[in-house]
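Asks:
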Amino acid sequence: MGIDPWLMCKFAYKMMHPVYYRRARAILKSYDYAALQDPYAVGCMIDSLCTACRDKLTPAQRAAATRFVISQRCNPANPSHRARMRRMVFGY
């Protein structure tokens, strides 16, 4: 089970606002590949993003998002991985 499409759409909409974008970018830049494979670290990242974007997730949504992020095996240091994630969020 992946992330709820409505949540992805909501996150993409929030990222269009410069304040939320800067907050989320600062959080995302602080994580590396190893951290994005650790369920606890990914859960903390999701909680931080929710706080920064003033959103709330149910425990089931948080667990699904954690599993989704880990399954993507994204390396933030790799430009093609960053582009793939950007396309996934923004649809381009």
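Quick note on the numbering used here: the sequence shown kicks off at 1 and runs consecutively. We put the beta carbon where it would ideally sit given N, CA and C, even for glycine. Remember, predicted model here, so these are calculated numbers, not experimental data.
DSSP on Cys-53, reduced to helix/strand/coil?
Replies: coil
Asks: Comparing C-alpha positions only, which one of Ala-35, Arg-62, Thr-51, Ala-24 sits nearest to Asp-4?
Replies: Arg-62
Asks: Within the same chain, show all residues whose beta-carbon is closer than 8 angstroms to that of Arg-23, passing over the 5 residues directly before and after it, in chain order.
Replies: Ala-52, Cys-53
Asks: By a C-beta neighbour count over all protein chains shown, 10 Å radius and 16 as the cutoff for buried, is Phe-11 buried or exposed?
Replies: With 16 or more other Cβ atoms within 10 Å, it is buried.
Asks: For Thr-58, count the other beta carbons within 10 Å of its own beta carbon; 16 or more makes it buried, fewer makes it exposed. Which is it?
Replies: exposed
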